[in-house]
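Colleague: Numbering (this note's numbering), first residue to last: 771 to 897.
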Ligand code: SF4
């Protein structure tokens with residue numbers, strides 16, 4: 771297939787190393803997807819993951835029943851699929867946890883059965 775029959779449908783900046791290669795996702799006329807601009811296999815893997823199944827670490831806060839502060843910052847212990855973030859936020863909004871809490875404590879185990887835990891990003895003592 772010639773270059774001109776492909777169009778760039780997305781540009782992904784590789785963040786695997788500081789070089790920061792710009793990877794173009796191209797689509798041919800038959801819908802075939804190809805990647806250009808990466809300079810190593812790790813970059814290709816990153817671009818494929820980012821294009822087909824983008825994941826993010828979710829960071830937010832959760833309510834605390836008896837804490838010195840009413841909220842505590844939390845995050846997922848692994849990246850989760852971007853399209854699950856909205857439902858994960860709903861689940862977190864329904865939850866209230868109890869102090870004292872230590873950084874790294876699991877506050878919601880296996881959220882949405884994704885194999886990912888919600889953990890505390892700091893300590894919080896009781897009020
Ligand atoms: S493609 Fe390879 S060299 Fe380029 S930023 Fe990604 S990891 Fe680094």
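In this text, a Cβ means the ideal position worked out from N, Cα and C, and glycines have one as well.
1) How about residue 882 and residue 854: do their beta carbons lie closer than 8 Å?
2) Is the number of C-beta pairs between the segment 808-815 and the segment 828-840 that are closer than 8 Å three or more?
3) When the Cα of residue 828 is compared with those of 895, 896, 890, 818, which residue comes out closest?
4) Leaving aside the five residues before and after residue 820 along the sequence, list all residues of the same chain whose C-beta is less than 7 Å from its C-beta, in chain order.
5) Assign residue 839 to one of three DSSP states: helix, strand, or coil.
6) How is residue 771 classed by DSSP in three states: helix, strand or coil?
7) Pop quiz: residue 878 and residue 888 are said to be a contact at Cβ under 8 Å. What is the actual Cβ separation, rounded to whole angstroms?
8) For residue 891, list the residues DSSP reports as bridge partners.
9) I'd like to confirm the pairing. Which residues does DSSP put opposite residue 861 in its beta bridges?
10) Determine the direct distance from the alpha carbon of residue 848 to that of residue 794, and round the result to whole angstroms.
11) I'd like to know whether the C-beta atoms of residue 832 and residue 865 end up nearer to each other than 8 Å.
12) Excluding sequence positions up to five away, which residues of its chain have a Cβ less than 8 Å from the Cβ of residue 817?
13) For residue 895, count neighbouring Cβ atoms within 10 angstroms of its own Cβ and tell me buried if that reaches 16, exposed if not.
Modeller: On the basis of the supplied data:
1) yes
2) no
3) 890
4) The answer, listed in chain order, is 782.
5) Residue 839 falls in the coil class under three-state DSSP.
6) Unreliable placement is indicated for residue 771, whose pLDDT of 47 sits below 50; no coordinate value is reported for it.
7) Indeed they touch by this definition, with Cβ atoms about 4 Å apart.
8) Its beta-bridge partners do not exist; DSSP assigns none.
9) None, per the DSSP bridge assignment.
10) Each residue's Cα considered, the two are about 26 Å apart.
11) yes
12) 782, 784, 793, 795, 805, 808
13) Classified as exposed, residue 895 has fewer than 16 neighbouring CB atoms from the shown chains inside 10 Å of its CB.
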